[in-house]
Structure formats: C-alpha cells, structure tokens
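Only one structure is covered here, and it is reproduced in the block below.
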Amino acid sequence: MSDSSPATLTDVWLYSPGELNRHAGQLAGELNRRVVVLAGEFGRHASRLARRARPDPVLSDLLRLPYLPYSCDI
1 MSDSSPATLT
11 DVWLYSPGEL
21 NRHAGQLAGE
31 LNRRVVVLAG
41 EFGRHASRLA
51 RRARPDPVLS
61 DLLRLPYLPY
71 SCDI
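Residue numbers (UniProt numbering): 1 to 74.
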C-alpha cells in the first residue's frame, strides 16, 4: 500500500485486529473530545444569551394586574 493512495478494503485487511481496535479507539476518543468542546461552546453561548435577555416590560405590567375572577371561576 502506498502512502499517497487512499486505503481500499483490501488494504484494511492488512492490519491486525489489535491495530484496527487501537485506531478505532483513537477515532472514538477524538470524536468524544470534539463533542465535549462543542457542548462547552454551546453552553458558553447559551449562558451569554441568557444574561443578555431582558424581560419584556409589557409582560411585567400584565403580571402585576390584579386577578379578576371570571364567571366560570365562581
């Protein structure tokens, strides 16, 4: 197998099961690391957006109105 050509199915069979397992473990570890980094970035942006969000003043006014019972509540 030459280094410049992509691996074919027959090239993969040249590796021992232990080598394939080690490579699969390396790939799984790299994928896990990237997922953790992505989750951290998402959390960082979400917390920044939550800090920036301001309640709607009109909604706050509505929540301060007294409760008036409706006829179905009596």
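Don't be surprised by glycine CBs; every beta carbon is placed ideally from N, CA and C.
None of the values given here were measured: they were computed from a predicted structure.
Can you tell me which of the three DSSP states residue i falls into?
i, result
"residue 47", "helix"
"residue 17", "helix"
Residue i to residue j, Cα distance in whole Å?
i, j, result
"residue 43", "residue 36", "11 Å"
"residue 21", "residue 34", "20 Å"
"residue 28", "residue 19", "14 Å"
"residue 51", "residue 41", "16 Å"
"residue 24", "residue 38", "21 Å"
"residue 26", "residue 45", "29 Å"
"residue 47", "residue 17", "45 Å"
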